[in-house]
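Numbering (this note's numbering), first residue to last: 12 to 207.
Where is the CB? At the ideal position from N, CA and C, for every residue including glycine.
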């Protein structure tokens, strides 16, 4: 499992009218017998800022509960969220509590900057801000759970039998397989960008 304090604040916790947290993603992976590992990765904000920006560029609205405008008022106008507004955590107070947990684990515990302390730019020569990352690694074999991967496969089988068509990471694995088989498509716009 990993948790990352995700840079400068752009997410307002429930009850706040300005951003305090980043999108503060959580991710985890687990072995699955007879299959690729289960991989789950999600932001604790209702949407990623990248998705909100794409929605704004397309002139579309976002669902209610996605964000606030620059005055701290709820809005479905993606452009207002991007232009000085803030995201909201998914699931109201529950998502806000998870985002708080990420701040505590990834910043308070590791000594990294909280989102509100992160500088808008990156330190010279750095690939990211000085926020933190928490990692938890567990070897199920050492805890007496040698059949963990088989049990994980059993649970995923139950989920599929219950009608769930898409398990986390299914789409990513499918996209990876397609890219390995056919290559990665390069649009003229990407080609022009790579030429600069």
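Buried or exposed by the 16-neighbour rule on C-beta atoms within 10 Å, applied to residue i
{"i": "residue 113", "result": "buried"}
{"i": "residue 34", "result": "buried"}
{"i": "residue 73", "result": "buried"}
{"i": "residue 149", "result": "exposed"}
Beta-carbon gap between residue i and residue j smaller than 7 Å
{"i": "residue 123", "j": "residue 16", "result": "yes"}
{"i": "residue 115", "j": "residue 56", "result": "no"}
{"i": "residue 121", "j": "residue 129", "result": "no"}
{"i": "residue 145", "j": "residue 117", "result": "yes"}
{"i": "residue 36", "j": "residue 54", "result": "yes"}
{"i": "residue 199", "j": "residue 126", "result": "no"}
{"i": "residue 75", "j": "residue 87", "result": "yes"}
{"i": "residue 110", "j": "residue 32", "result": "yes"}
Proximal residues to residue i (C-beta, below 7 Å), its chain only, five neighbours per side dropped
{"i": "residue 58", "result": "73, 77 and 98"}
{"i": "residue 107", "result": "24, 25 and 100"}
{"i": "residue 147", "result": "12"}
Neighbourhood of residue i by C-beta distance below 8 Å, restricted to the same chain and skipping five residues each side
{"i": "residue 95", "result": "80 and 81"}
- Item | Stretch-stretch touch, CB-based, cutoff 8 Å, three pairs: the stretch 78-87 with the stretch 188-203 | Per the Cβ contact rule, the stretch 78-87 is not in contact with the stretch 188-203 (fewer than 3 Cβ pairs under 8 Å).
- Message: Measuring CB atoms only, is the stretch 42-50 touching the stretch 19-28, in the sense that at least three cross pairs come out at less than 8 Å?
- Response: Inter-segment contact for the stretch 42-50 and the stretch 19-28 is absent: fewer than three beta-carbon pairs are separated by less than 8 Å.
- Inter-stretch contact (C-beta, 8 Å, three-pair minimum) for the stretch 60-74 and the stretch 176-183: Verdict: no, contact absent.
- Message: With a threshold of 8 Å, are at least 3 pairs of Cβ atoms found where one atom belongs to the stretch 159-176 and the other to the stretch 35-45?
- Response: In short, these stretches touch, since the Cβ pair count reaches three.
- 4-residue-minimum alpha helix (DSSP H) runs that sit fully inside the stretch 167-202, ordered along the chain: If one requires a minimum length of 4 residues, the alpha helix (DSSP H) runs lying completely within the stretch 167-202 are 181-193, in chain order.
- Query: Which whole runs of the alpha helix (DSSP H) in the stretch 27-108 are 4 residues long or more, in chain order?
  - Reply: Considered as a whole, the stretch 27-108 harbours 60-68 and 89-93 as its complete alpha helix (DSSP H) runs of no fewer than 4 residues, in chain order.
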